[in-house]
Amino acid sequence: MLFEVRANAKRKAKVLFAQILCGLCIVGIFCFLRLDFMADYFKTDPFAYGLFVSFMAVFILLFVVTCYCGVRPRICVDEQTVTFYPLFRRAKEVAWGDITARKVEADSSYEQLRSTALGMLGATIPYLIYRKAHGLDEPGAVQTCPRRYAYYQGNKKLISILEREMENAERFDQMVCERLDAINLQKEGEGGFSATEVPAKRGGLVAVVLGLTALCAVGAVLFVVMPKMQSVPVAVEPPAAAEKVLYTCEDITFEIDPAWSEIDGYEGSFVDDATGIVYQLNGVSELFPYGAEEFYTELLTYYEENHDPVIGEPLEQSDTADGKERYLANIRMIQDDTYYQYMTVVIFPWQDLVLTFGAQTVADQAALHEDEIIQAVEEMAQSAVYTGGEHEELTFELESTYFSGTSWIASNDGSQWTFDEDGTFHWYQDGAVTDDNYYAGTYTFYVGQEAKDYLTDALAEFGITEEELLQTINARAEYGLEHFVCLTTTNESFLLNGAEQLSQPTQTHYCGFLLEDGERLSLLNMRTATQYEFTKE
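Going by the numbering used here, the first residue of the sequence shown is number 6, and it counts up by one from there.
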């Protein structure tokens, strides 16, 4: 076995915390049941005893499940085969050739999930703790979302893993990318070995028992508690609307309530001091290469996989004040019945721009102020306009030879990509280690008009038309045809832990823009749709 993709130290710490918490709850309930005064209470209310026993059983099962999750690997990698271990499902061993596709998504719910864990403290505190702990308020900090990798055999998903929770996740993903590239070069009709099923220990049984026990516990709670509940939250009428004020961040201008206070150090985030509800500009991203409907469908599907329930309204077309086309849709999400979020997605196809505005709070607070939340978020979204600066002109004439003899540092992982003057390149996992863990081969850059022709002619298989490219360029002030670049690399070697991983050369194609007067290179892998940001060394 080459290596395993399993829980990293951070996830193991979470599992340990859950085990300690379950143990304390089990001991606490057991001691509580043995108190003398509880014996008399149970005589008058026998259902209560069953309720407490059900809770203790649930915590015992949760303890067993956390032990199971902590020791079970997610992926075992061998020379010829890969074994996937989905949680609570049978393991599956497949040949490398049976992995036919991969999907990479930004885990944009990362902050919300962190906030849920501390949700009962209020809407603002969890958000600030997470931001502070990850250094996102430090000057120059790059705010990126971790990635979620999914792998498929045909139309069947084999497994889905989070980069932030697994060690060796990126290493395995790089190997899958290389092998998928190699498979695409083989003749049509060649296939891998058939997948074989490997029984997984305890997974199905644990899931069934846990589900039945949880169902019994919920039934007991409803039977005992619900009849005694007489009061319901009384809706609070929203205050009279005050005149809005304009706020600008990330080249986006929108209206906010003047009563909100901006959260120190967090641009675009506000708190309503009267209710504790947090409002914010959640995200600014490019629409390319998706269409409006395609982007929204992908976004909604992702949220439905991670939240329950998710209520997504249809995407509706409307016009801006100056008659430009735009699309809007609203999404309501509740996490674990405690955390509430309402979002409005705004898509400007003509500007290649997607915005998301949102509000977040605990569910009890949302029940009292939901109408106010919906109105505030939708008004922020409907008032939003892009106010980007002027077009950035390069202070030099960009030629394909510009990249010869340069070195670039990736913002996501600190890896180093060097382009030598003899037409060869090396992409080092660590720039300080140049004799192992790298890609190597030859490269060719195309710039400006030549890059446009190369994209629409030589790379026509990717389906990007000249019209779509020009629409993307015209959508952003910082873009320009003179900034546009295409890069084709021929990967001749992939050295990983001293072992060569490639049996034959493979080609990878990238396109993107050279920005900030030649100091930043933004590239898109055209096969995997992975975005890379590099800074010139």
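The beta-carbon is built from N, C-alpha and C at its ideal position, and this holds for glycine as well.
Which partner residues does residue i have in the DSSP bridge list?
i	result
Ile80	Val10 and Phe89
Tyr444	Trp432 and Phe499
His514	Thr493
Asp324	Glu330
Ala463	Paired residues: none, contrary to the question.
Ile316	Arg337
Asp277	Trp265
Lys108	Ala155
Leu562	Because the chain in this structure spans residues 6 to 542, residue 562 falls outside the shown range and cannot be described.
Thr258	Thr253 and Val390
Thr449	Thr493
Ala504	Leu501
Tyr345	Ile339 and Thr366
Glu172	Arg11
Val359	Ser290 and Ile352
Leu167	Arg153
Just curious, the alpha helix (DSSP H) that residue i is in, first and last residue?
i	result
Lys48	Asp41 to Thr49
Tyr308	Ala297 to Asn311
Gln476	Glu471 to Ala480
Nearest to residue i by alpha carbon, out of the options?
i	options	result
Leu163	Glu299, Pro91 and Ser405	Pro91
Glu183	Ser420, Phe68, Arg153 and Thr495	Thr495
Tyr407	Val58, Cys491 and Thr439	Cys491
Leu544	Gln356, Asn417, Phe467 and Val250	Coverage of the chain is limited to positions 6 through 542, which leaves residue 544 absent and any answer about it impossible.
Leu529	Tyr515, Leu520 and Val181	Tyr515
Glu497	Val58, Glu483, Ala62 and Gln512	Gln512
Phe8	Arg532, Asn173 and Ser59	Asn173
Ala372	Leu360, Arg337, Thr400 and Cys27	Arg337
Phe22	Thr253, Val82 and Phe68	Phe68
Gly363	Asp269, Leu320, Ile65 and Val289	Val289
Ala456	Ser405, Val250 and Tyr73	Ser405
Gly102	Ser59, Gln158 and Thr71	Gln158
Val82	Val76, Gly75, Val70 and Lys97	Lys97
Glu538	Gln421, Thr280, Gly317 and Glu321	Gln421
Thr535	Glu267, Gln179 and Asp277	Gln179
Ala155	Glu170, Arg169, Val109 and Met171	Val109
Ala480	Val390, Val276 and Leu251	Val390
Arg525	Glu483, Lys48, Glu267 and Val87	Glu483
Ile104	Arg152, Asn160, Ile65 and Cys74	Asn160
Ser412	Asp324, Leu66 and Phe424	Phe424
Hey, quick one: how far does the beta strand (DSSP E) through residue i stretch, first residue to last?
i	result
His374	His374 -> not in any beta strand (DSSP E); alpha helix (DSSP H) instead, spanning Ala368 to Ser388.
Leu286	Val283 to Glu291
Asn160	Asn160 -> no beta strand (DSSP E), and no H or E assigned at all.
Trp355	That residue, Trp355, is in no beta strand (DSSP E); it is neither H nor E in DSSP.
Ser266	Trp265 to Glu267
Asn530	Arg525 to Asn530
Thr540	Gln536 to Lys541
Thr439	No beta strand (DSSP E) holds Thr439; DSSP gives it neither H nor E.
Glu559	Past the edges of the chain, shown from 6 to 542, lies residue 559, and the structure says nothing about it.
Tyr252	Val250 to Cys254
Ser412	Thr411 to Ala415
Gln421	Gln421 to Phe424
Would you mind giving the Cβ-Cβ distance between residue i and residue j, rounded to the nearest angstrom? I have them listed as a contact below 8 Å.
i	j	result
Gly410	Phe430	Not a contact, Cβ separation roughly 11 Å.
Arg79	Val10	5 Å
Lys541	Gly523	7 Å
Val350	Leu333	7 Å
Leu167	Arg107	The Cβ separation is near 14 Å, so there is no contact.
Leu500	Tyr443	6 Å
Thr343	Ile282	With 8 Å as the limit, Thr343 and Ile282 do not qualify as a contact, their Cβ atoms being about 15 Å apart.
Ile34	Phe57	6 Å
Gln454	Leu486	7 Å
Met61	Ile31	6 Å
Glu170	Lys15	7 Å
What do you reckon, is the C-beta of residue i under 7 Å from a heavy atom of the ligand FAD?
i	result
Met43	Questions concerning the ligand FAD fall outside what the structure shown contains, since it holds no ligand whatsoever.
With 8 Å set as the bound, which would you pick, yes or no: does the beta-carbon of residue i sit closer than that to a beta-carbon of chain D?
i	result
Leu251	Looking at the structure shown, chain D is missing, and only one protein chain is on hand.
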